[in-house]
C-alpha cells in the first residue's frame, strides 16, 4: 500500500492507520518498522483521505505523532510503501542506503548527478533513498547523517536517517569494516559487498574450465615474472591489481635484442600518453622509480587487436540483477581509445561505439555479428553464475572483453563499480535503465518491488 507521512498533534507515540489496514490490527497497539528502527505505538482509526493508496501518485495518508516521527527518524511528506510484517506489525520502506566514497568535501546535487538519473525508478519503489559516508555513521545512536532524495524537488537534501535495510555499495577505497559490521551486527543486506582485485578475479575464474579459456596468461608482477613473460610473449601489459579507469597501465615490448619500448598511460606529471625506449637492463630501475614492485601489480600477455583507424578498442558489457533478482544484460558498447592512447576508457578521451559498427570497421564482414554477440552473452552469463556460486552478494558488473586479430574473444577484467558514460552517449533511454536497475533490485530484496 502506498502511503504519505503526515504529522498530527499527539504527545505519545501514535499512528492513525488507513481504514483498509485497521482490521489487521487486533489490539490497541501496533509496531512500526522503519529501516533499522522499530517502535510500539498506539493506533486509532484514520480518515480515508484523498488517496486510496493503490498508486504512488495517490498515496493514503499515514498520520504519525511527532514523537513517533522523531523516534523512527521519519521524514514528513515522503511517500512509502506500507507492508504487514506479522501480527499487529507493519514495515515502512524501502530504506536504501548508498555507501559513497570518503571525500573531504560535502556531496551535492552536481556530484550526485548519476544517482539523480537513477531516480526515474522512484515512482515505482518510493521510500527513503540516501547516500552516506562511513564517517557520518553514528553506531551508538544507530543513525546516519546523509543526503536523501526529495522526489518533489528533484534534489538531494541532508538529514539524519535510520540505518538502511539495504546498502548499495558504490565505493571500495574504504568501508570494508563498516560493511561487515552492518551485515554481522544489524542484519543489513549489502550488495556489491567488496572489491575483487584483478589477480583475485583471475584466480577465481581460472578454476572454471569454461571461463579459463578466455583468460590471458597472468601473474603477479616481479622482475622474474616480467622477464619470463617478455621472453615468452615479447609484449606485455602491467596493471595495478586494485585500480580501475586505466590508471597506472604500462605496456612493455621487446623491440630489439636488449631494448624495450615502454608506453605509459600517463607520465609522472599526469601527461598523456608517453612512449620511450630503454635497455632492458635498466627496466628494473625505471619501474622502481614509481615503486611499481612495492605495489600490487599484475603482468599479462598483451592482446593484439585489429585496430579501428589505428586505435585500440574493447567491449564493455553491463550485467545487473533486476527486480526479479536475476541477472540481465542491460548494455553492450565498444570503447574506442583516443589516438595514441593505450587505454580505451571514456574518462581518458575514448569514445563509445555500437558493437555492430565497431565489428564492421575492424573486421569488415569476416565475422558473424550475431554469433559473436551470442558468445559474449554466453560468457557473461556463465561469469555471473560462477560469481553467484563462489562470491555471494554481487548484483552489478561491468565486464570488459576484447576480440584479438584472429577473432578470439578474451576477458580483460570485471568492474564492481562500472561507469556508464559511454552508454549515456549512445542511448539516454538505455543509460537510465542501467542507472535505475540497482535501486529496483534493492527494493525487491526487501519485497518492496512494484507488483505487476
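In this note's numbering, the protein residues as written are 143 to 594. Think of the CB as a built atom: it goes at the ideal place given N, C-alpha and C, for glycine as much as any other residue.
Integer Cβ distance of residue i from residue j, believed to fall under 8 Å
i: residue 581; j: residue 263; result: 5 Å
i: residue 218; j: residue 148; result: 7 Å
i: residue 224; j: residue 143; result: 5 Å
i: residue 542; j: residue 457; result: 7 Å
i: residue 576; j: residue 460; result: 6 Å
i: residue 205; j: residue 157; result: 7 Å
i: residue 392; j: residue 402; result: With 8 Å as the limit, residue 392 and residue 402 do not qualify as a contact, their Cβ atoms being about 11 Å apart.
i: residue 314; j: residue 337; result: 4 Å
i: residue 595; j: residue 464; result: Not covered by the structure: residue 595. The range shown for the chain is 143 to 594.
i: residue 207; j: residue 152; result: 4 Å
i: residue 363; j: residue 380; result: 6 Å
i: residue 521; j: residue 344; result: That belief does not hold up - the Cβ atoms of residue 521 and residue 344 are roughly 15 Å apart, past 8 Å.
Endpoints, the beta strand (DSSP E) within which residue i is located
i: residue 272; result: 270 to 274
i: residue 542; result: 538 to 545
i: residue 474; result: 469 to 478
i: residue 186; result: 179 to 187
i: residue 360; result: 360 to 362
i: residue 557; result: 551 to 557
i: residue 175; result: 171 to 176
i: residue 240; result: 237 to 241
i: residue 443; result: 439 to 443
i: residue 200; result: No beta strand (DSSP E) holds residue 200; DSSP gives it neither H nor E.
i: residue 245; result: Note, residue 245: premise wrong, no beta strand (DSSP E); not H, not E.
Residue closest to residue i, alpha-carbon to alpha-carbon, out of the options
i: residue 399; options: 570, 376, 314, 386; result: 376
i: residue 250; options: 273, 350, 260, 459; result: 273
i: residue 388; options: 557, 160, 323, 427; result: 557
i: residue 433; options: 470, 449, 390, 451; result: 390
i: residue 585; options: 160, 177, 150, 173; result: 177
i: residue 276; options: 243, 198, 374; result: 243
i: residue 495; options: 474, 505, 510; result: 474
i: residue 568; options: 499, 552, 555; result: 499
i: residue 237; options: 270, 364, 339, 255; result: 270
i: residue 422; options: 365, 386, 216; result: 365
i: residue 550; options: 229, 573, 518; result: 518
i: residue 295; options: 261, 589, 173; result: 261
i: residue 560; options: 488, 174, 514, 570; result: 488
i: residue 297; options: 504, 464, 254; result: 254
i: residue 282; options: 328, 308, 290; result: 328
i: residue 199; options: 268, 309, 170, 150; result: 268
i: residue 183; options: 526, 230, 202; result: 230
i: residue 372; options: 383, 529, 359, 382; result: 359
Which of helix, strand or coil DSSP assigns to residue i
i: residue 412; result: In this prediction, residue 412 has a pLDDT of 48, which is less than 50 and means its spatial position is unreliable; nothing more can be read from the coordinates.
i: residue 487; result: coil
i: residue 527; result: helix
i: residue 432; result: coil
i: residue 350; result: coil
i: residue 398; result: strand
i: residue 334; result: coil
i: residue 262; result: helix
i: residue 497; result: helix
i: residue 311; result: strand
i: residue 210; result: helix
i: residue 304; result: strand
i: residue 369; result: helix
i: residue 448; result: coil
i: residue 217; result: coil
i: residue 511; result: helix
i: residue 385; result: coil
i: residue 297; result: strand
i: residue 503; result: helix
i: residue 226; result: strand
i: residue 340; result: helix
Span of the alpha helix (DSSP H) around residue i
i: residue 572; result: 570 to 587
i: residue 423; result: No alpha helix (DSSP H) contains residue 423, which DSSP labels as neither H nor E.
i: residue 320; result: 318 to 328
i: residue 456; result: Residue 456 -> not in any alpha helix (DSSP H); beta strand (DSSP E) instead, spanning 455 to 463.
TODO: Examine the Cβ distances between the region 428 to 448 and the region 531 to 538 and report whether three or more of them are shorter than 8 Å.
DONE: no
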